[in-house]
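Undergrad:
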Amino acid sequence: MESIQQTKIGIPIFSADYASSKWCLMEVVEMVKSMKESKQLIMPIFLDVTPGEVQHQTGSYAKPFSQHEKRFDREKVQAWRDGLKEVVKLKGLELNKVANGHQGEFIKLVVAKIIRELKKSYLEMGTVLVGIEDRAEELVKKLEVGIDYQVQVFGIWGMGGIGKTTLAKFVYNQIVDKFESNSFLKDIRETSRYPRGLQYLQSKLVSDVLELEQQDYATVEEGTNVLKETLSQKKVLILLDDVDHINQIKALAADVGWFGRGSRIIITTREKDVLEQFQVQDLYEVPLLDEGHALELFCMHAFRDKLPRPDLAEEALQIVNITGRLPLALEVMGSFLSVYGGRKDMWHATIEKLKFKLGMVDIQDKLKLSYESLEREQKEIFLDIACLFIGMDIRLVMPMWEDAKISPEVGIEILQLKSLIKIGEDNTIWMHDQLRDFGRSIVEQEDKEPGRRSRLWHCEVAFDVLVEKQGTSKVEAISLEGYHFMEEEDHLNDDMFRNLPRMRVLELAGARLDGNFRNLFRQLTWLSWHRENMSLPMNLVLRNLIVLDLSKSLIHDDWTGWSSIKFGSKLKVLNLRECQISRTPDFSAFPSLEILILESCMQLLYIDPSIGLLKNLILLNLRGCWGLEKLPEQLGSMESLVEFLIDSTGVKEIPISRGMKKLEVLSANSCRSLHEIPASVGSLMNLRKLSLKDSGLKELPDSIGQLTSLVELILSQTKIRSMPDFVGDLHDLELLKIDHTDITCLPGNLGSLKKLKVLDASWSSLERERAEIISNEILSLSSLRILKVRRVKSLPADMRALSCLQTLDLVRCRNLLTFPKLPSSLISLRVEAFSKLSSLNLANLVNLKELILFNDFELKELESISSLRKLEEMTLQSVKISTLPEDTGAFLHRLKELDIRFCLELKSLPALPSSLLVLRITACDSLERLPDMSNLKNLSMLEVMNCGNLREIEGLGNLLSLKYLNTDSCPLTELDGLESERLKSLTALSAAWSQVERLPDLSKLKNLKSLSVPFSGKLVEIQGLSSLHSLRMLSMACCTSLKCLPVLPNSLEQLCLTGCEQFSEIDAIAELESLLELDISGCRSLKKLPNLSKLQRLKILMMAGCENITEIPGLEELSNLRALDIFQCKALKLPDLSKQQSNGLLLTRIPQSLIFYGPIHSNTPLTRPTGALFTWSNQIAQMQGDFQPDHANIPGHYAQLRIEQVVPHGGGRDGEVHEGEQTANHANIPGFQSVLPAREEVRSGEGPSVEGRAEGSCEAEGSGTI
């Protein structure tokens, strides 16, 4: 109960048997008590019950309460009833409404608020999401994730406040795991307004995708070139949020060729014409909420319930209609009216005001009502956030407001309750862009002259005000963030600040200050300054400074600022993130410091002992200080310290003493040199989280059992081999992670951890010793929700006592002979590598939604799966079943995804449920037939691959929703049904290595975008391609029986004809003006190509092995060409490619004999199939020898170069140099022959080295050398 009082948010999770536990009911009462006394927030979660059942104790709650009334006194039971009623009134999430009944998605959206170990790539969502699931499902289908033949750009548009970003983020979270990398670029409209804003966005995109530090780009063009060069091989998911100009898209995603195949680009905008200008084909207009969903959303904020109070139902509906059913307006107005409860007079007054504004389209007029209801101090906080602090850590800003005596705790709480701001999981402040614009408009309306406004947030406007000395006493805050300062020109002097006596916030970015600043910053409480050369002005006095942010500045140990700047004693926040210091300053001058951030000071070696004087320090962040090996002993006496972060440092010891009595979080992840923690850790009586993941820790002290407040203990990837039994004394522990460790046994009193919810022992070594403890103790873990174990020797025969268990992963438990009886609460079950298991009874798992059976099963049948009525996903791999139960289709009516792999004895399948969305069958060699598919009206993806005995697929033509069909490596002789008009949804068809001789007429597949039939050696004809105007990708590689190219649609973007040896001409490709990639490699019968000059979008041309082709007509006109593969094109002569070379043309796989006409242009890479890379430059060309084309880029300097033999990249040993000869005509002396020594550096790798000669000549007027 004490732990409940200490938490900031209580989350009761109501399941069907929740009311059976008196402990659960007691916790609810305690949560309500804490809510009333300390304003603790409560967010109830309703799993398989409705709020009504909980509130009125009906349904599954009726019987337990009848029993309680017999066992306990009436007052206690009534308190439990009252507690449930109070909780239901609050904001809550209902599984069946929020996540469409899918608990996996529900967990992603809800539990992310509590468990901070979720992947950082997920975007944070609000807790109340109404009417979004159906829209998101529609968009996910349109995005065709998993179909990787193309890059797809998708546009979401609609008016401000309608929920574009929320919908896009929801979709993003659902599909992000399917991509190699991802990036979310928010507020593009706002960011682009700043100087170098687009460069910043380009840099962030590259940084996100490649996981590198952000780089500065001097121009948008530089950023564009980097994007082109670095991202083309990555399958990425990119969300461009709030775009309002086509130039923004051009700077970030101008061409789909920038990104790897399968990438998806999602764009949100208010301006449909921007998407149309960019020719985005897939558009989605976000509609208004229907009246039912709009009313529900409003009520969730106004009443904390899905339905209105009966006495205010009419008024609620009026407001829903007046606000236009805009989600943002509904949320803000609902939160605004929730303050007034049932006061009808206030509701009616609000309705009248809204009616007065009815004719005004701008949503800001509706938001104004909520703003006007704020107190003066709360308005100040709102405006500060809107103008300056969006995205900022709330903990850094609070001290400044506290100093101003404006009660920030109350203000922030009110702003959140009114839905005007949100505080994220990582403590960052979030505000909707409409609210941001609304707040800024209030400031802009203060005066038409910027110098007479309270806050200046646009860096160019702020800079002009300073330079023109237009500032007045009304200015309180100036931000120059985003301004690109020129070192010599854009310095700021003291005169520019003399008329700003009330300035309290100053963000200088990289500005240089000159002059005498005595008495100029008397009221300054916030100073942010990021500069490479931190030279200081005279008399910089900062007596009232509260927050000093010098992050990313080139501050060294000898910086004089610590002594020359006259700080007062009020400084509470010091941010030195990514500074170049090797030692910290003397902290004795900062006695009031509460937050010290030294994160990523990678050169930091020494922390001054004066840090022990910081008696008020709450947060110390040393993450990423790799060189830091020793911490001062004085840290152990820091009585106020709450959060201590030393992740990724070289620390070997942690000074801990009883003095750290308020410490709640100690995180030492990736401290590889940390081999032990002191026994004094047991004195940290308030410690709630101890995270030592990936540290060098070898053992835990026995005193760990004294941490009676500990909630999370994370020991993943450590070297710990055993756990002391004292761990069983951690009665508040909820999460224990010992995965990827050598721990061989769990503590003997594990069962005493009554509150434990997550036990992750996957990839540990429990099988070695004492694994029977799991059997003996696990049944006592009554709160356990997630259990993951590996290689255990035994499990309890009956685990039904774990009534809260939802996820169970049992991996490589090869010695288990019998499978335990499991609790009906289970939702996800993964069973892997039970090699001795011959039977599996799952009949009682009535709530199971995900079932994974994986590897080495002796199971012959799965009769009990017919009882899994809620099953949605099932994966069977390497299971020895011959079929599924005959009644599978009748009883598994919620099954959406069925994946069967490597079940080598599977011979047939029964009728499948019509609910199926995805069916994958892979490498089931005994499978002879599939059931008639005609009933699968919802099936969108069908993959049947590598099934060596499958001859036909029945009912294919009736799959109305089918979008993706893959029959690769199945010996099908026919694909009947593809001619059907019913397959109007089909967008991708792959039938590689098929035995089909003639495909059906495909002309009715109007939405087909991808057709792939490579290595179909018997295929002689493909009909109907000319009618497929949506077709973008066609692969007929190695279809050796095809004699001529079919008539093709102009929509094609990718065409692969590799190995079509009978093609003697392909003249039709000359008209394919949309073509981006063309591969005709190995078409040995081709003797000529048509004129390619119309293929202006062509980027890649692959023609290796076309040894009879002598020229490529129109090649010199292909200005967008980026790659040309001409390996083994022995007769080929290339035209002048200087224009393409300057645009970045890459010549790949150079033949052993190449005639090249044209200027040898610098920086033109040439490669061979072995990977040899030759780079022309004015200094070195690594080929047979060193070439130096001094004047090669001068028009008129033409060279004929024949490369006979080269040393492949990777031949020989590192650093090995081969001597050879090169013969060249000296350019400036006609006829002069010279033999020069050739040097060649061979890089590491495999492959033979080849020595040879390189001959060249240069004929030109003027001078030059080769």
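Counting from 337, one number per residue, gives the positions in the sequence shown under this note's numbering.
Here a beta-carbon is modelled for each residue, glycine too, at the ideal position from N, C-alpha and C.
Roughly how many angstroms separate the alpha carbons of residue 995 and residue 973, rounded to a whole number?
TA: 4 Å
Undergrad: Nearest CA to the CA of residue 672: which residue from 703, 780 and 1359?
TA: 703
Undergrad: Identify every run of the beta strand (DSSP E) within the stretch 670-727, keeping only runs that are complete inside it and at least 3 residues long; order them along the chain.
TA: none
Undergrad: Kindly give me the distance between the Cβ atoms of residue 748 and residue 624, rounded to whole angstroms, as I take these residues to be in contact under 8 Å.
TA: Contact flag wrong, Cβ pair sits at about 31 Å.
Undergrad: List the DSSP bridge partners of residue 1603.
TA: There is simply no residue 1603 to check, as the chain begins at 337 and stops at 1602 in what is shown.
Undergrad: In the stretch 1039-1076, which residue ranges form an unbroken beta strand (DSSP E) of at least 3 residues, counting only runs that do not cross its ends?
TA: 1048-1050 and 1071-1073
Undergrad: Using only the alpha-carbon positions, how far apart do residue 1567 and residue 1466 sit?
TA: Here residue 1567 scores only 30 on pLDDT, less than 50, and its place in the model is too uncertain to base an answer on.
Undergrad: For residue 769, collect the residues of the same chain with a Cβ closer than 8 Å to its Cβ; drop the 5 residues on either side in sequence, then sort them by chain order.
TA: 496, 501, 523, 525, 526 and 578
Undergrad: Going by DSSP, which residues form a beta bridge with residue 491?
TA: 603 and 619
Undergrad: Below 8 Å, can you find three or more Cβ-Cβ pairs linking the stretch 582-600 to the stretch 769-783?
TA: no
Undergrad: Run through the stretch 1348-1417 for me and flag every whole beta strand (DSSP E) of 3 or more residues, listed as ranges in chain order.
TA: 1369-1371, 1390-1392 and 1413-1415
Undergrad: Helix, strand or coil: which one does DSSP assign to residue 362?
TA: Taken through DSSP and simplified to helix, strand or coil, residue 362 comes out as helix.
Undergrad: If we require 3 or more residues per run, which beta strand (DSSP E) segments fall completely within the stretch 497-550?
TA: 517-521
Undergrad: Residue 1099 bridges to which residues according to DSSP?
TA: Paired residues: none, contrary to the question.
Undergrad: Who are residue 911's beta bridge partners in DSSP?
TA: 885 and 933
Undergrad: Please classify residue 595: does DSSP put it in a helix, a strand, or coil?
TA: coil
Undergrad: Might you give, ordered along the chain, the residues of its own chain that have their beta carbon closer than 8 Å to the beta carbon of residue 837, omitting 5 neighbours on each side?
TA: 809, 858 and 859
Undergrad: Can you pull the DSSP bridge partners for residue 481?
TA: Residue 481 is not bridged to any residue.
Undergrad: What does the alpha-carbon distance come out to for the pair residue 1308 and residue 1116?
TA: 55 Å
Undergrad: At a cut-off of 6 Å, would you count residue 358 as near the ligand COA, judging by its Cβ distance to the nearest heavy atom?
TA: What this structure holds is no ligand at all, so the ligand COA is not there to describe.
Undergrad: At what residue ranges does the stretch 1145-1194 contain a whole run of the beta strand (DSSP E), taking only runs of 3 or more?
TA: 1164-1168 and 1186-1193
Undergrad: Between residue 1011 and the rest of its own chain, which residues show a CB-CB distance below 6 Å, the 5 nearest in sequence each way excluded?
TA: 1032 and 1034
Undergrad: Three or more beta-carbon pairs under 8 Å between the stretch 1302-1320 and the stretch 1340-1350, yes or no?
TA: yes
Undergrad: How long is the line joining the alpha carbons of residue 918 and residue 969, rounded to whole angstroms?
TA: 18 Å
Undergrad: Going by Cα to Cα distance, which pick from 1393, 736, 1063 and 570 is closest to residue 516?
TA: When C-alpha distances from residue 516 are compared across 1393, 736, 1063 and 570, the shortest belongs to 570.
Undergrad: By Cβ distance, which residues of its chain are closer than 7 Å to residue 1262, with the 5 residues on each side in sequence left out?
TA: 1240, 1241, 1242, 1243 and 1285
Undergrad: Find out if the Cβ-Cβ distance for the pair residue 1609, residue 1417 is shorter than 7 Å.
TA: There is no way to answer for residue 1609, as the model of the chain reaches only from 337 to 1602.
Undergrad: I think residue 603 touches residue 585, with their Cβ atoms under 8 Å apart; what is that distance to the nearest whole Å?
TA: 7 Å
Undergrad: At what residues does the alpha helix (DSSP H) containing residue 584 begin and finish?
TA: 582-589
Undergrad: Taking all protein chains shown into account, do 16 or more other C-beta atoms lie within 10 angstroms of the C-beta of residue 1059, making it buried, or fewer, making it exposed?
TA: buried
Undergrad: Can you name, in chain order, every residue of its own chain whose Cβ lies under 6 Å from the Cβ of residue 1303, other than the five neighbours on each side?
TA: 1280 and 1327
Undergrad: To the nearest angstrom, how far is it from the Cα of residue 958 to the Cα of residue 916?
TA: 14 Å
Undergrad: Would you mind working out which of 356, 1483 and 1324 sits nearest residue 1451, comparing C-alpha positions?
TA: Selected option, being the one with the closest Cα: 1483.
Undergrad: State the beta-bridge partners of residue 956 as determined by DSSP.
TA: 932 and 980
Undergrad: Buried or exposed for residue 283, please, with buried defined as at least 16 other CB atoms from any protein chain shown within 10 angstroms of its CB.
TA: No answer is possible for residue 283: the residues shown for the chain start at 337 and end at 1602.
Undergrad: Suppose the cutoff is 8 Å on Cβ atoms and the five residues either side in sequence are ignored; what does the same chain contact list for residue 904 look like?
TA: 878, 879, 880 and 881
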